[in-house]
Every structure is written in structure tokens, then in C-alpha cells.
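Student: In our numbering, the protein residues as written are 45 to 298. A virtual CB, placed ideally from N, CA and C, is assigned to each residue, including glycine. Take a look at this one; I'll ask things after.
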């Protein structure tokens with residue numbers, strides 16, 4: 045287990061921030077290779093609003109605490125981000141960027157697709173490095189268990205939730221980029237990528253052991269992932285139907 049941290053301007057920067065920062069940088073680099081970097085500003089907008097959404101989502105999950113300490117909502121450096129909030133924030137940031145750039149939102153979503161693999165994989169790896177989103181403990185000697193800490197730093201053999209999610213995302217996105225023929229309808233690529241991200245996060249939520257408020261015996265983030273899966277998967281299914289119905293020899297891009 046590698047734990048990396050340093051202090052910058054009085055703020056401790058941990059391994060999670062480093063991992064996500066590197067993932068975002070890689071994603072922006074890949075975006076910059078398209079159209080001479082035309083969509084870099086849009087990518088930065090999406091990342092910024094996604095970060096805001098991640099923090100606000102965490103505050104909503106911990107509403108009892110933040111209703112008493114509202115000022116801490118803006119103190120992102122204190123820790124506490126929500127993946128469902130980040131996904132919602134990214135979509136809102138996409139709508140904002142599309143309005144500013146005066147471009148169709150689904151076209152922009154595909155142009156900014158490179159952000160999804162790198163940021164999502166880096167986020168799960170960052171969670172593993174700091175002991176967030178950890179899995180349930182397993183009996184000693186379980187061959188597929190991974191030694192990982194909880195939020196208190198206690199090491200134990202656990203379900204490899206973070207590493208499993210990171211691998212599932214990385215392999216799927218690699219296969220999607222190398223095997224899927226293009227062109228496709230605008231939004232097809234990004235909606236498939238987001239559907240897979242939400243689905244992996246949904247499955248992972250059933251294996252997680254970190255604290256989370258419950259509703260009807262199910263984690264709140266699990267419910268949110270179920271809700272998010274509907275529009276993303278629905279959009280992908282519709283666009284896939286559009287692609288299949290297009291006559292051969294015509295461009296399926298909309």
C-alpha cells in the first residue's frame with residue numbers, strides 16, 4: 045500500500061488528490077489532441093462543475109452534519125466527495141459548456157469522452173490508496189482478498205472493490221476504443237461509457253463496507269446509481285437503435 049502526501053500552502057495533499065489530478069491531466073491531454081485543443085476550455089468547465097457536484101453530493105449525504113457546519117461545505121480540502129454527485133455535476137457542466145461553446149451537447153459529450161476513462165479509473169485507484177470505498181472484510185487466507193485499509197487506516201483482507209472497479213473500467217474502455225467501429229450517433233460513445241461507469245459503481249456499492257446512510261436497508265448511493273443508470277442506459281439504447289436503423293452507406297452521426 046502506497047500512501048503519498050505532502051503539504052502545499054498549509055494544505056495536505058493526499059494520494060487521492062494526486063491520482064485524480066493525474067487522471068484529469070491525462071484526460072485533458074487526450075482531449076487536446078482532438079481539433080487542436082479546441083475543447084480544452086469545455087473540459088475544464090466539466091471537471092470544475094463535477095468537483096462542485098461531488099462536494100455538494102457529499103454534503104447532501106451528510107446533511108445532518110453540514111446543516112450544523114454549513115461553512116465546511118466549501119472547504120473541499122477537508123475531504124469528502126461523492127461519486128454520484130460528481131457524475132451529476134459532470135453532466136450539468138457539460139450542459140453549461142455546450143451552451144457557452146454553442147455546440148450540440150451530445151457532440152460535445154463525445155469530444156470530451158476521453159475524460160471519462162482516465163478520471164474514473166484514477167478515482168477508484170485513489171480510493172484504494174487512501175482507504176476510501178473499501179470492501180467488506182474476508183476470512184484470513186482468502187486467496188482473492190486484497191490487503192487494504194479502512195478510513196481509520198486499519199489493514200485487513202477485504203473484497204478488492206476499488207481495484208476490481210478500476211480494472212473493470214479500464215478493460216472495458218480499452219476494448220470499447222479498440223473494437224467499436226466508428227462513426228456512431230453523437231452521444232453514443234459517451235452514453236455507453238457513462239452507463240458502464242454507473243453500472244460498475246452500482247455493483248461496487250453492494251460490496252462496499254464504508255459507512256453510508258441507508259434507506260429501506262439499502263445504501264443511499266446505491267439508490268442514486270439506480271436512478272442515474274436509467275437515463276444514461278436509456279439514451280444509449282435509443283442511440284444504438286438509431287445507428288442500427290440507418291441505411292448502409294449513410295453517416296449515422298446526428
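How many angstroms separate the CA atom of residue 278 from the CA atom of residue 223?
Tutor: One C-alpha to the other measures close to 22 Å.
Student: Can you list, in chain order, the residues of its chain whose CB lies under 6 Å from that of residue 134, leaving out five sequence neighbours each side?
Tutor: Same-chain partners within the cutoff: 90, 94.
Student: In terms of residue numbering, what span does the beta strand (DSSP E) encompassing residue 206 cover?
Tutor: It is not in any beta strand (DSSP E) - residue 206 instead sits in the alpha helix (DSSP H) that spans 205 to 223.
Student: Would a C-beta distance cut-off of 8 Å place residue 98 and residue 136 closer than the cut-off?
Tutor: Cβ atoms of residue 98 and residue 136: not closer than 8 Å.
Student: Pull up the DSSP beta-bridge partners for residue 168, would you.
Tutor: None, per the DSSP bridge assignment.
Student: Starting from the Cα of residue 63, find the closest Cα among 96, 287, 165, 288 and give me that residue.
Tutor: Answer by Cα proximity: 165.
Student: Just to confirm the assignment: which complete alpha helix (DSSP H) runs, minimum length 4, are found wholly within the segment 82 to 164?
Tutor: DSSP runs (the alpha helix (DSSP H)) wholly in the segment 82 to 164: 84 to 105, 107 to 110, 127 to 145, 149 to 155.
Student: Figure out for me which residue from 227, 213, 231 has the closest Cα to the Cα of residue 38.
Tutor: This structure does not reach residue 38, given that the chain is present from 45 up to 298, and the question cannot be answered.
Student: With a threshold of 16 other CB atoms inside 10 Å of the CB of residue 280, please say whether the residue is buried or exposed.
Tutor: Its Cβ being crowded by 16 or more others within 10 Å, residue 280 is buried.
Student: Grab me the residues of residue 200's own chain with a C-beta within less than 6 Å of its C-beta, minus the 5 sequence neighbours each way, in chain order.
Tutor: Same-chain partners within the cutoff: 181.
Student: Taking only the alpha-carbon atoms, compute the straight-line gap between residue 268 and residue 128 and give it to the nearest angstrom.
Tutor: Taking the straight line from one Cα to the other gives about 7 Å.
Student: Below 8 Å, how does it come out for the segment 153 to 162 and the segment 228 to 240: are there three or more Cβ pairs, yes or no?
Tutor: Yes, they touch.
Student: Could you tell me the alpha carbon to alpha carbon distance between residue 58 and residue 122, rounded to whole angstroms?
Tutor: Going by the C-alpha atoms only, they are around 11 Å apart.
Student: Pick out whichever of 172, 289, 138, 105 has its Cα sitting closest to the Cα of residue 159.
Tutor: Answer by Cα proximity: 138.
Student: In three-state DSSP terms, what is residue 255?
Tutor: Residue state, collapsed to three classes: coil.
Student: My assumption, with CB atoms under 8 Å, is that residue 96 sits in contact with residue 242. Please give the rounded CB distance.
Tutor: At roughly 19 Å, the Cβ-Cβ gap does not stay under 8 Å, so residue 96 and residue 242 are not in contact.
Student: What did DSSP end up calling residue 197 once you bin it into helix, strand or coil?
Tutor: Coil.
Student: Just verifying my parser: in three-state terms, what is the DSSP assignment at residue 230?
Tutor: Note: residue 230 maps to coil in three-state DSSP.
Student: Using DSSP's beta-bridge definition, name the partner residues of residue 190.
Tutor: Note: residue 190 sits in a beta bridge opposite 202.
Student: Mark residue 238 as exposed unless 16 or more other C-beta atoms lie within 10 angstroms of its C-beta, in which case mark it buried.
Tutor: Buried, since its Cβ has 16 or more Cβ neighbours within 10 Å.
Student: Look up residue 77 in the DSSP assignment and say whether it is helix, strand or coil.
Tutor: In the structure shown, residue 77 sits in coil (DSSP, three-state: anything other than H, G, I, E or B).
Student: With 16 as the cutoff for other CB atoms within 10 Å, does residue 203 come out buried or exposed?
Tutor: Buried, because 16 or more other Cβ atoms sit within 10 Å of the Cβ of residue 203.
Student: If you compare alpha carbons, which of 208, 162, 163, 161 is closest to residue 179?
Tutor: The candidate whose alpha carbon is nearest that of residue 179 is 208.
Student: Residue range of the alpha helix (DSSP H) that residue 176 falls in?
Tutor: Note, residue 176: premise wrong, no alpha helix (DSSP H); not H, not E.
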